[in-house]
Amino acid sequence: MKLSRISLALVPLLTAFPATAAVYQVAELEPNNISKANFAAALNDQGDAIVTGQGFVQWQLRDGSTRTAVNFINFPLDVSTINFESDTIKAILTAEQIEDAKLGIYDATVLNTLTVLLGASQGLRNQPVGRTVAIAHPVNGTPAVSPLRDLNQLRSNQEFINDINEQGVVVGVATAPFTKQEFTPAPDPDAEDPATEAPETITVWQPEPGFKYGVAVTSNGPVNLLPSYTEIGGGFSQAFAVNNQNLVAGSGSVALNEEIQTFLETLCDGKNQPVVYCLNRELESQESNFFDLKSQIYRNQTVVVPSGYTERAMLWQLQADGSATISQTFGFLGEKGTGAVHQIDDESEVRYASAATAVNDNGIAVGYSIYSDSDRSILFRDGFGGEFRQIYVAPHATLFQGDEISAMVDPAQWLASIATDLNNNNIATGYAIKTINGSRRDKFFYYDVAADTVVFPTDFFASSSSVPADINDNGQIVGRAEIIIGGTTDRRQHGFVYDIASDTFRDLNTLVGCNADFTIVDASSINNNGEILATVLQVLPQLDAKGQPILDESGNPQQTEQAKAVKLLPVANGEPENCNTEQDTYERNAGGLGSLGLFLLAGFGVLFRRRR
């Protein structure tokens, strides 16, 4: 990416750099013209890679101020729905720029300004700016968008690909894409003269039904993995993994309680906004996902599952014609691991959920489900100083084998847990949460299905959080873990690789050579050849909204730290280089806040990712 656009066209699909050939040789993926920030997602044994391109992003600085950016290149702006009379737009753009923009004529600066404003103020009448796009990097082809639901390529939603199998079938998650529609609000019943005060028909950006669906893409194209319950709002589903028999693991809606149904039917009456817009917004706000549950565990050591759709782990079987059918629906760990529902009182009970995050070629699935223990009482405080007691409820790593559902770690020893992947030797990996030195920390594990044993290997240091993403059939696990660079107190994320056979846990940054000009902050996938798809932070030329380098006053490209995905190729008989730098020292004490890498990784991978 440091080359000119002309010379980039001459670069082979993968450019390898022998100077970094210590244990791993770095192979750059061909640059794409879709997004300026790209994150590793999935990799198969053929070397086909999937990355996640970042679009609109918003983050908060330590001083409390908020920053926004759009990393899409050449976002397909629809100027026909922009309110150019907005005081904000008039304050930023000149009259000439505004008039040109109305005609669809704008430079990169104006394009960036308008997309950032739209992204920061998304509403019914504003063009949505999506947050992510899935980009395929076939081993013998050029990078291209791999659309899930956004078939018109409007970049209006979020799309993640989580897995790719050896046949090239990919699965992922996509929120509802938007299209322009005409909408006429209902007349005001209190209008003095309804004939003269008739509501105006307006142009709105309306989503498809189903605020989120798991999607599989085969040679027949994409297919939504519909859940068993779709009656109100279209239901929801997620897809996290696909095995080589085209069996897909995920979760979906099986019910919606009557109180929520009544509430939605009253609220979403179509008078002031399209029914589907209202339903998607309300149901999305009540979504249950592991990261929200994890946040509750970090704060309160117990959770309350949101009252939206009832979610259950599911397997879908892809058919030869490209269709998909639900193969199996699983339950949950439940009260003390019995699968039973705990009744809190005469009117309420614990809400349970489950999700399958991986399935291997033996048909065994793993993931998480809600566990409760009514004999275990948790005292916690809200943000206003109030104290509350609640029974212990938490997500825990779950094995789904046939009709059997069982816990993989001891809930008495760990606050929460999740299994993130499973190989074809029936060895799973995941992480569990506990309090260490007064703070909640994630610790990775591997689990032997046949022996029903779990091992928590030693990672960088006692209070380091370590999160695995993938395990291959050779027992190699990759992910990310916290380090504290010598001489500092701030925690940083580094990609790691762990080998079960040799019980070695290593920082990938120490295995790519001393001259590497980047930091590996995450490893998302490792295939059976030992090749790793990783995310790095690297200082690169800063690109504008049309993909051109931004130049300083002297005509030189401005530089900025950016995320990109790379492959790490194992070197035969490679050995780590002795760099003798301070960065090779890992402190054993507590640290402070994370780095830019923490922000860049936020929200990516939906849950993880892997290969097949």
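Each residue of the sequence shown is one higher than the one before, starting from 10 at the first, in the numbering used here.
Even for Gly, the Cβ is constructed at its ideal location relative to N, Cα and C.
Euclidean distance between Cα positions of Gly-218 and Gly-139 | Position check: residue 218 holds Pro in this sequence, whereas Gly was assumed. Going from the Cα of Pro-218 to the Cα of Gly-139 covers about 17 angstroms.
ask   = Gly-331 to Gly-496, Cα distance in whole Å?
value = Taking the CA atoms as reference points, Gly-331 sits about 55 angstroms from Gly-496.
Next on the checklist: Taking only three categories from DSSP, how would you classify Met-353?
Outcome noted: According to the sequence as given, residue 353 is Ile; it is not Met. In the structure shown, Ile-353 sits in coil (DSSP, three-state: anything other than H, G, I, E or B).
query = In whole angstroms, what separates the C-alpha of Ile-494 from that of Ser-473?
reply = Here the alpha carbon of Ile-494 sits roughly 12 angstroms from the alpha carbon of Ser-473.
Just how far apart, CA to CA, sit Arg-450 and Thr-444? So the alpha carbons of these two residues sit roughly 6 angstroms apart.
Practice problem: Go to Val-285, then tell me how far its alpha helix (DSSP H) extends in each direction, as first and last residue. | Solution: DSSP places Val-285 inside the alpha helix (DSSP H), whose first and last residues are 284-294.
To the nearest angstrom, how far is it from the Cα of Asn-433 to the Cα of Glu-209? If I take the Cα positions, the gap works out to 60 angstroms.
Separation of Thr-528 from Gln-547, as counted between CA atoms: Spanning the two alpha carbons is a distance of roughly 7 angstroms.
Closest to Ser-316 by CA distance: which of Tyr-455, His-146, Tyr-361 is it?
Measuring from the Cα of Ser-316, the nearest candidate turns out to be Tyr-361.
Considering Cα atoms alone, identify which of Pro-579, Thr-227, Leu-52 is closest to His-146.
When only C-alpha atoms are compared, the closest one is Leu-52.
**Prompt:** Which word fits Gln-69, buried or exposed, when buried means at least 16 other C-beta atoms lie within 10 angstroms of its C-beta?
**Reply:** Gln-69 counts as exposed, since fewer than 16 other beta carbons sit within 10 angstroms of its beta carbon.
Measure the alpha-carbon distance for Thr-90 versus Asn-281 and round it to whole angstroms.
Taking the straight line from one Cα to the other gives about 19 angstroms.
Contact set for Thr-239: own chain, Cβ-Cβ below 8 angstroms, skip 5 residues either direction: When the five nearest sequence neighbours on each side are left out, the beta carbons in the same chain lying within less than 8 angstroms of the beta carbon of Thr-239 are those of Gly-219, Ser-262, in order along the chain.
- Which ranges would you report for the alpha helix (DSSP H) in the stretch 340-400 if only whole runs of at least 4 residues count? The stretch 340-400 contains no whole alpha helix (DSSP H) run of 4 or more residues.
Notebook entry, point to check: Using CA coordinates, which residue listed in Ala-117, Glu-175, Gly-177, Gln-190 is at the minimum distance from Thr-136?
Noted result: According to the sequence provided, residue 136 is Gln. The question's Thr does not apply to it. The shortest C-alpha separation from Gln-136 is found at Gln-190.
- Message: Less than 9 angstroms between the beta carbons of Gly-62 and Val-142, yes or no?
- Response: A contact, by the Cβ cut-off of 9 angstroms.
Assuming contact is defined by CB atoms lying nearer than 9 angstroms, are Ser-386 and Ile-400 in contact in what I supplied?
Closer than 9 angstroms, so yes.
- Query: Residues in its own chain within less than 6 angstroms of Asn-309 by CB, not counting five upstream and five downstream?
  - Reply: Taken in chain order, the residues that qualify are Phe-389.
Problem - Residue range of the alpha helix (DSSP H) that includes Gly-261 - result: Per DSSP, Gly-261 belongs to no alpha helix (DSSP H); it is in the beta strand (DSSP E), 256-264.
If you measure between the beta carbons of Leu-157 and Pro-85, is that distance less than 9 angstroms? Result no, Cβ atoms of Leu-157 and Pro-85 do not sit closer than 9 angstroms.
In angstroms, rounded to a whole number, what distance separates the CA positions of Asn-369 and Gln-215? Using only the alpha carbons, I get a separation of about 38 angstroms.
**Report entry** Cβ-Cβ distance between Val-648 and Glu-168 below 9 angstroms
**Finding:** Past the edges of the chain, shown from 10 to 621, lies residue 648, and the structure says nothing about it.
message: If we require 3 or more residues per run, which beta strand (DSSP E) segments fall completely within the stretch 517-575?
response: Counting only runs of 3 or more, we get 527-535, 541-550.
Query raised in the report: Based on the DSSP secondary-structure assignment, which residues constitute the bridge partners of Met-323?
Result: Partner(s): Gly-259, Thr-338.
Is DSSP giving Leu-431 helix, strand or coil here? Note: Leu-431 maps to strand in three-state DSSP.
Inset, instruction - List the endpoints of the continuous alpha helix (DSSP H) containing Ile-306. - result: 299-309 is the span of the alpha helix (DSSP H), which, as asked, contains Ile-306.
- Item | Rounded Cβ spacing between Val-148 and Asp-54 (contact assumed at less than 8 angstroms) | Cβ-Cβ separation between Val-148 and Asp-54: approximately 10 angstroms, too far for a contact (criterion under 8 angstroms).
*Leaving aside the five residues before and after Leu-552 along the sequence, list all residues of the same chain whose C-beta is less than 8 angstroms from its C-beta, in chain order.*
Within its own chain, the residues whose Cβ lies closer than 8 angstroms to the Cβ of Leu-552, once the five positions on either side in sequence are excluded, are Lys-45, Ile-82, Pro-558, Ile-559, listed in chain order.
Practice problem: Decide if the stretch 423-441 is in contact with the stretch 399-413; the criterion is three or more beta carbon pairs, one per stretch, under 8 angstroms apart. | Solution: They touch, by the three-pair rule.
*For Pro-236, I'd like the list of residues in its chain whose CB is within less than 6 angstroms of its CB, leaving aside the five on either flank, ordered along the chain.*
If the five residues before and after Pro-236 are omitted, its C-beta is found closer than 6 angstroms to the C-beta atoms of Gly-244, Ser-246, Gly-261, Ser-262, all from its own chain and listed in chain order.
Worksheet item: For Arg-134, which three-state DSSP category applies?
Response: Correct three-state label for Arg-134: coil.
If Ala-129 and Gly-583 are in contact, beta carbons under 8 angstroms, what's the gap, nearest whole angstrom?
Contact doesn't hold; Cβ gap of about 46 angstroms is too wide.
Could you please give the first and the last residue of the uninterrupted beta strand (DSSP E) stretch that includes Gly-181? Counting along the chain, Gly-181 sits inside the beta strand (DSSP E) bounded by residues 179-184.
Which same chain residues end up closer than 7 angstroms to Asn-371 when comparing Cβ atoms and leaving out the 5 residues on each side of it in sequence?
Counting only Cβ-Cβ distances below 7 angstroms, and skipping sequence neighbours, we find Asn-433, Asn-435.
**Q.** Rounded Cβ spacing between Phe-514 and Pro-466 (contact assumed at less than 8 angstroms)
**A.** Phe-514 to Pro-466, Cβ: 6 angstroms. Contact.
- Message: Ala-78 and Phe-65 - do their beta-carbons sit closer together than 9 angstroms?
- Response: Yes, the pair counts as a contact, with Cβ atoms nearer than the cut-off.
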